[in-house]
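Asker:
Protein chains: 2
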Amino acid sequence: MNMNMHPEFLLNQIQSPKDLKKLSIDELTQLASEIRTLILEKDAKIGGHLSPDLGIVELTIAYHYVFDAPEDKIIWDISHQTYPHKMLTGRAFAWLDPDKYEDVTPYTNPEESPYDYFALGHTSASIALATGMAKARDLRGGNENIMALIGDGSMTGGVAFEGLNNAAIEKHNLVVVLNDNQWSIDENVGGMVKLLADLRASNGQAQNNPFKAMGFDYRYEAKGNDIASMIKAFEAVKDVDHPILLHVNTLKGKGYEPALQSPGTHHWVAPFNLEDDSPKFEAPAGPTANSVALDVIKDAIDQGQKVLAINAAIPGAFGLSDIKQNYPDNYVDVGIAEQESISFAAGAVKNGVTPVVFQNSTFLQRAFDQLSHDVAANELPIVMFVSASINGGSKTHLGNFDQVMISNLPNWIYLAPTTLAEEKAMLTWALNQKDNPVAIKKPARQIPVDGPVLDDYAKPAYQVKLGKDIAILALGSMYHQVGVPAAKELGATVVNPVSANILDTKTLDELAASHRIIITLEDNAVDGGFGQKVASYLGDRDDILVKNYGALREYTDQVSGKELLDRYHLTPKNIVNDAKVLLEK
Amino acid sequence: MNMNMHPEFLLNQIQSPKDLKKLSIDELTQLASEIRTLILEKDAKIGGHLSPDLGIVELTIAYHYVFDAPEDKIIWDISHQTYPHKMLTGRAFAWLDPDKYEDVTPYTNPEESPYDYFALGHTSASIALATGMAKARDLRGGNENIMALIGDGSMTGGVAFEGLNNAAIEKHNLVVVLNDNQWSIDENVGGMVKLLADLRASNGQAQNNPFKAMGFDYRYEAKGNDIASMIKAFEAVKDVDHPILLHVNTLKGKGYEPALQSPGTHHWVAPFNLEDDSPKFEAPAGPTANSVALDVIKDAIDQGQKVLAINAAIPGAFGLSDIKQNYPDNYVDVGIAEQESISFAAGAVKNGVTPVVFQNSTFLQRAFDQLSHDVAANELPIVMFVSASINGGSKTHLGNFDQVMISNLPNWIYLAPTTLAEEKAMLTWALNQKDNPVAIKKPARQIPVDGPVLDDYAKPAYQVKLGKDIAILALGSMYHQVGVPAAKELGATVVNPVSANILDTKTLDELAASHRIIITLEDNAVDGGFGQKVASYLGDRDDILVKNYGALREYTDQVSGKELLDRYHLTPKNIVNDAKVLLEK
Chain A
1 MNMNMHPEFL
11 LNQIQSPKDL
21 KKLSIDELTQ
31 LASEIRTLIL
41 EKDAKIGGHL
51 SPDLGIVELT
61 IAYHYVFDAP
71 EDKIIWDISH
81 QTYPHKMLTG
91 RAFAWLDPDK
101 YEDVTPYTNP
111 EESPYDYFAL
121 GHTSASIALA
131 TGMAKARDLR
141 GGNENIMALI
151 GDGSMTGGVA
161 FEGLNNAAIE
171 KHNLVVVLND
181 NQWSIDENVG
191 GMVKLLADLR
201 ASNGQAQNNP
211 FKAMGFDYRY
221 EAKGNDIASM
231 IKAFEAVKDV
241 DHPILLHVNT
251 LKGKGYEPAL
261 QSPGTHHWVA
271 PFNLEDDSPK
281 FEAPAGPTAN
291 SVALDVIKDA
301 IDQGQKVLAI
311 NAAIPGAFGL
321 SDIKQNYPDN
331 YVDVGIAEQE
341 SISFAAGAVK
351 NGVTPVVFQN
361 STFLQRAFDQ
371 LSHDVAANEL
381 PIVMFVSASI
391 NGGSKTHLGN
401 FDQVMISNLP
411 NWIYLAPTTL
421 AEEKAMLTWA
431 LNQKDNPVAI
441 KKPARQIPVD
451 GPVLDDYAKP
461 AYQVKLGKDI
471 AILALGSMYH
481 QVGVPAAKEL
491 GATVVNPVSA
501 NILDTKTLDE
511 LAASHRIIIT
521 LEDNAVDGGF
531 GQKVASYLGD
541 RDDILVKNYG
551 ALREYTDQVS
561 GKELLDRYHL
571 TPKNIVNDAK
581 VLLEK
Chain B
586 MNMNMHPEFL
596 LNQIQSPKDL
606 KKLSIDELTQ
616 LASEIRTLIL
626 EKDAKIGGHL
636 SPDLGIVELT
646 IAYHYVFDAP
656 EDKIIWDISH
666 QTYPHKMLTG
676 RAFAWLDPDK
686 YEDVTPYTNP
696 EESPYDYFAL
706 GHTSASIALA
716 TGMAKARDLR
726 GGNENIMALI
736 GDGSMTGGVA
746 FEGLNNAAIE
756 KHNLVVVLND
766 NQWSIDENVG
776 GMVKLLADLR
786 ASNGQAQNNP
796 FKAMGFDYRY
806 EAKGNDIASM
816 IKAFEAVKDV
826 DHPILLHVNT
836 LKGKGYEPAL
846 QSPGTHHWVA
856 PFNLEDDSPK
866 FEAPAGPTAN
876 SVALDVIKDA
886 IDQGQKVLAI
896 NAAIPGAFGL
906 SDIKQNYPDN
916 YVDVGIAEQE
926 SISFAAGAVK
936 NGVTPVVFQN
946 STFLQRAFDQ
956 LSHDVAANEL
966 PIVMFVSASI
976 NGGSKTHLGN
986 FDQVMISNLP
996 NWIYLAPTTL
1006 AEEKAMLTWA
1016 LNQKDNPVAI
1026 KKPARQIPVD
1036 GPVLDDYAKP
1046 AYQVKLGKDI
1056 AILALGSMYH
1066 QVGVPAAKEL
1076 GATVVNPVSA
1086 NILDTKTLDE
1096 LAASHRIIIT
1106 LEDNAVDGGF
1116 GQKVASYLGD
1126 RDDILVKNYG
1136 ALREYTDQVS
1146 GKELLDRYHL
1156 TPKNIVNDAK
1166 VLLEK
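Residue numbers (my numbering), protein chains in the order written: chain A, 1 to 585; chain B, 586 to 1170.
Okay, structure coming up:
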């Protein structure tokens, strides 16, 4: 029942921030050490965000010492750095007791605690949210402190600037804490780096202070990892009657030497051995979706094509360090700035080079307008490699809406490979055409290496293996995982539709004429996706039933991918059962 | 054949920017005067953007005098201020000859001229596009000048900041021209206003210079409407080998006194009388979609509800000056910052007030992520009033994708009123519920004032007028415009589905069982919209045909709304004809 690994920890006495206020600086320092130990122990066991949390321990303790949460409100941006906050607000059990490691979610979560205000998994939004909270407080006649805490990495996102612009003219209390640990997910980029470096180097006295320029009161605290200093810094901004920006210097990864030596690889960690920092699991050998894509790009560059590999602060998700190190002229990281990543690509292709943008579906949501206005309406042939699938994890990080964003826009061709060979052929074709923006859905699941390919993916023909009665159109990752085994058991036809949004209407007509049922499977939300286009196209025929499978219209939070696939009937067993019921109709 | 109204104008001799370079300053000044005359004459006749173009005449002349377009490249942000640019690059005929007024589009347009690089109708993108162009130039080994010209209003958009952040570290030539005319579409807002005012007041010498802080070289030119000064200013930044920001002070509306007296109403103008600035057409009397919405909000405020009316720099589109003037505490304009507008609303509702965000579908594209992550995933009941429809105009301003963005996200309820009474009931209900984010589609067409309403719009029941064989589900504006007259002629059933994304499956089942054909009509793109959801839901029945009507997946450019409705068969005549064909099946 009680698996508390550290019953002796002072932390056990902290049930809420109120309990903090009784402690001495020495005790608070002891608490910081305990929190650090717990972050490392849990991350080593199950993985998680590491360096950001190690860096913000003292700041968090000081915040809760000085302010009166939950009445005073703070928005942590991004909330993957809230392990210390969670431990101090009644949720330490999820670090003390390994059996309860999964009982607390990794981001702020209003359903979990009154000390959390938003589920916040996309960066840079905190200041905008805080400006709204402050305005509402003013209208209500409230007087609580409203605070946004934002990292220097998050500051590169445009909505952070939109927030600053509006926060600067707030007439009452509003505090922006800039947690400057001198890193984004990877190295931070852009003019912001110099700007913050100058402020740090001058102890906040640098001549050109953009925050003062906008009208903020400004303070600098060099000792962000010293509890006494941070308490003073927070006390000085508590209950102010105007917008103020408190710039705090902290050390990302503090207290764990490997993280200090190699910050880029310790932002987020998979399970590792605490004694020597070695990973617990080896990466599988052989080609992967990433390695295939990178090989195509490197080959193109080696053959003289002017290619730019572009990403928005997530090189690790695609193994892009390979390009960064070996082809630095062909590599661009624009920071946490998805809008810029797409507009930048639009500018680049217009001026004669071939951009390939690496995107994560959940963050790509920030650039929907750029996909439409800057790229598609301008008919610019950028190439995009999109990591998207039905996956477990936080409701702030679902990767389901890729089709909503891409498939419904004019001009875009969205391709979904079923094998690594197909991925290679699609990407190679995309790099060599100049007619359309092309997105390729990164295979999210285990798929075969080899398979048939086409020469031209502009209007791809469906790849059909004939069976009878039922035709299963299984897009991308769903083809080998669900479509092929289900069809085999049913004796049904199985189809690789190749594209998520360009219908092969000729083959569809033939399939409709020769089958009783068409089933569509896709690794994303049904609404606005592939299957609904098929249903709409075949709607005016009365000789065919169409059934669409994919994610339901819901946010799921920390539900496993396996459970979700089962819930959405995206398993061979479910499809076989459902198909048999449909055949009875 | 030759309807040139000003054959004597010097402008007739300017076929390309090359011809400018031969002129004296006096002749260039004469040219400026002619261009201003032409802007006023054409705008008075057919309407258009006015003040921004009047303010940028001298700057544009100087640009083309100094730089060598189209090899040197400039991106005008936003491109509604390019009338002078168009006149100097071979397109003066569209101002000189009233018969050719419509022959040139109102935004930059690469299909129209090699001097235009992007169709740019959404603000703030220029610096991001330019960073991509500059990087591509570097990779190609080119050496042309790359320039982004951006207004002070456009500077409030987050992607402008993302652009600045990346532009500041460009290693070669990149010039950002900040055209500071001290206005956005309405009054500019935020900390940026003070920042720029300080720089202007100090002739560019203010202590806190954010551009220098980021690493830009910085220049200030106070006399942006003086050709000789602007020539010098541009010559000084031509061929520089590093990023530079040239801050130029210009006068919005220069040369037209009414525009100087009332800048807010002269940003864009409908046809007017040049002699006294009076409008040529009176606004119709009686309630409108805007007035109904504003009345609901004012009533709620008067009754003590804490309501915030929020918009992103387009108060004029919704008549919000009424709220701004009479309820200033309840009014927020966040600038051209759609992301902020939605996040701000999320923060406000979380802290106890009721936000109503006024959005234009085309600009709302910037905030897709906020609709999902900040609002829907956080289950926050913000209210949104969305101007969206199939309309003519520039391909950069299509309002078709509202359903793509809203209808496919979990938690959102998207309602489409068919009468003004229904609009009022929906908005009143939305303001008083706390369960879901609710969007209401602003009726774009003439609709009746009166009609039946529901008490609860959470799961609205379809409103059915029974006929036979065919059921026409006509959403929102399509109901009275197309659905009712077509159904009358066909003797068909006509249905008001009330919601764009919440299906009344019980009624749908009944309709499917009692009809042979279901037709869906919607005032937006078919892909990702209402009809495809109906087709998908009814896909597994073989006793009903479904046919979806709406906009095709295409960008149209300056095609009239009337022509588009006909193209998409969204007229009673088309639907009657199509229905008769379907009945023969």
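Using N, Cα and C, we set each Cβ at its ideal position, and we do this for glycine too. Computed from a prediction, not measured in an experiment: that's the story for all the values here.
Hey, is isoleucine 314/A's beta-carbon within less than 8 Å of any beta-carbon in chain B?
Answerer: Answer no: the Cβ-Cβ gap between isoleucine 314/A and chain B never drops below 8 Å.
Asker: Which of helix, strand or coil does DSSP assign to isoleucine 998/B?
Answerer: In this structure, isoleucine 998/B counts as strand in the three-state DSSP scheme.
Asker: Can you list the beta strand (DSSP E) stretches of 3 or more residues lying completely in the segment 487-523 of chain A, in chain order?
Answerer: Complete beta strand (DSSP E) runs here, min 3: 493-496.
Asker: From the DSSP output, in three-state form, read off alanine 134/A for me.
Answerer: Helix, per DSSP.
Asker: Report the three-state DSSP secondary structure of valine 176/A (helix, strand or coil).
Answerer: Correct three-state label for valine 176/A: strand.
Asker: Going by C-alpha distance, which of Ile244/A, Ala486/A, Pro271/A, Ile56/A is nearest lysine 280/A?
Answerer: Closest by alpha carbon: Pro271/A.
Asker: Taking 7 Å as the cut-off, is the beta-carbon of arginine 91/A closer than that to any non-hydrogen atom of the ligand ZN?
Answerer: For the ligand ZN, the structure offers nothing, since it holds no ligand at all.
Asker: Mind checking whether phenylalanine 385/A and valine 404/A have CB atoms under 8 Å apart?
Answerer: Not in contact: phenylalanine 385/A and valine 404/A (Cβ atoms no closer than 8 Å).
Asker: Per DSSP, what are the beta-bridge partners of threonine 288/A in this structure?
Answerer: Beta-bridge pairing links threonine 288/A to no other residue.
Asker: Kindly indicate if chain B contains any beta-carbon less than 8 Å away from that of aspartate 369/A.
Answerer: Output row for aspartate 369/A: interface = yes.
Asker: Would you mind telling me which residues of chain B sit closer than 9 Å to isoleucine 169/A, beta carbon to beta carbon, in chain order?
Answerer: Near isoleucine 169/A (Cβ distances below 9 Å), the residues of chain B are Val774, Gly775, Gly776, Val778, Lys779.
Asker: Whose CA, out of Asn432/A, Asp53/A, Pro70/A, His85/A, lies closest to the CA of isoleucine 269/A?
Answerer: Per the sequence shown, the amino acid found at residue 269/A is valine instead of isoleucine. Checking every option, the nearest Cα to that of valine 269/A belongs to Asp53/A.
Asker: Would you give the residue range spanned by the beta strand (DSSP E) that methionine 672/B belongs to?
Answerer: Neither: methionine 672/B is in no beta strand (DSSP E) and is coded neither H nor E.
Asker: Please name the residue, chosen from Asp26/A, Leu409/A, Ile39/A, Asp557/A, that lies closest to valine 57/A on a Cα-to-Cα basis.
Answerer: Here the closest residue by C-alpha is Ile39/A.
Asker: Quick check on serine 24/A: buried or exposed, where buried means 16 or more other Cβ atoms within 10 Å of its Cβ?
Answerer: Serine 24/A comes out exposed.
Asker: Determine the chain A residues that contact serine 769/B at a beta-carbon separation under 8 Å, and present them in chain order.
Answerer: None at all; the shortest Cβ gap to chain A is about 11 Å.
Asker: Is there a Cβ of chain B sitting closer than 8 Å to that of threonine 123/A, yes or no?
Answerer: So no, threonine 123/A is outside the interface.
Asker: Could you spell out the range, first to last residue, of the beta strand (DSSP E) harbouring phenylalanine 970/B?
Answerer: Its beta strand (DSSP E) spans residues 968-972.
Asker: Sort Val1144/B, Asn1081/B, Leu956/B, Gln1018/B by Cα distance to threonine 690/B and report the nearest one.
Answerer: For the residues Val1144/B, Asn1081/B, Leu956/B, Gln1018/B, the minimum Cα distance to threonine 690/B belongs to Val1144/B.
Asker: Tell me which same chain residues have a C-beta within less than 6 Å of the C-beta of tyrosine 568/A, skipping the five on either side of it?
Answerer: Excluding residues within five positions, the ones whose Cβ falls inside 6 Å are Ala551.
Asker: Check the DSSP bridge columns for aspartate 77/A and list the partner residues they point to.
Answerer: DSSP lists Ile150/A as partners of aspartate 77/A.
Asker: Along the segment 535-546 of chain A, what residues have a CB closer than 9 Å to any CB found in chain B?
Answerer: Against chain B - using a Cβ distance shorter than 9 Å - the residues of the segment 535-546 of chain A are Ala535, Ser536, Tyr537, Leu538, Gly539, Asp540, Arg541, Asp542, Asp543, Ile544, Leu545, Val546.
Asker: Near phenylalanine 216/A, what residues of its chain come up, given a Cβ to Cβ distance below 7 Å and the 5 sequence neighbours on each side ignored?
Answerer: Result list for phenylalanine 216/A: Ala168, Pro243, Ile244, Leu245, in chain order.
Asker: Mapping DSSP to helix, strand and coil, what is tyrosine 331/A?
Answerer: In the structure shown, tyrosine 331/A sits in a strand (DSSP, three-state: E or B).
Asker: Can you grab the Cα-Cα spacing for the pair proline 872/B / aspartate 880/B, in whole Å?
Answerer: Taking the straight line from one Cα to the other gives about 10 Å.
Asker: Do you know offhand how far asparagine 12/A's Cα is from glutamate 112/A's?
Answerer: Distance between the alpha carbons of asparagine 12/A and glutamate 112/A is about 19 Å.
Asker: Measure the C-alpha to C-alpha separation of valine 1034/B and serine 341/A and round it to an integer number of angstroms.
Answerer: So the two alpha carbons sit approximately 46 Å from each other.
Asker: Comparing the C-beta of tyrosine 686/B with each C-beta of chain A, is any distance below 8 Å?
Answerer: Tyrosine 686/B does not count as touching chain A.
Asker: Thinking aspartate 684/B and methionine 588/B are a contact (beta carbons under 8 Å), I'd like their distance in whole angstroms, please.
Answerer: With 8 Å as the limit, aspartate 684/B and methionine 588/B qualify as a contact, their Cβ atoms being about 5 Å apart.
Asker: Would you please verify whether the beta carbon of glutamine 433/A is less than 8 Å from any beta carbon of chain B?
Answerer: Judged by the 8 Å Cβ criterion, glutamine 433/A is not in contact with chain B.
Asker: Show which residues of chain A have a CB atom less than 7 Å away from the CB atom of glycine 800/B.
Answerer: Here the neighbours are Gly191, Lys194.
Asker: CB-CB under 6 Å to alanine 930/B, same chain, minus the five flanking residues each way: which ones, in chain order?
Answerer: Excluding residues within five positions, the ones whose Cβ falls inside 6 Å are Ile895, Pro940, Val942, Ile967.
Asker: Judging by CA-CA distance, which residue of Ala425/A, Ala513/A, Ser407/A is the nearest neighbour of glycine 1196/B?
Answerer: With chain B running from 586 to 1170 in the structure shown, residue 1196/B is simply not present.
Asker: Hey, does phenylalanine 401/A have any beta-carbon neighbour from chain B nearer than 8 Å?
Answerer: Yes - at least one Cβ of chain B is within 8 Å of the one on phenylalanine 401/A.
Asker: Would serine 343/A count as contacting chain B if we go by Cβ distances under 8 Å?
Answerer: Closer than 8 Å: yes.
Asker: Have a look at the DSSP bridge pairing and note the partners of tryptophan 853/B.
Answerer: Its beta-bridge partners are His634/B.
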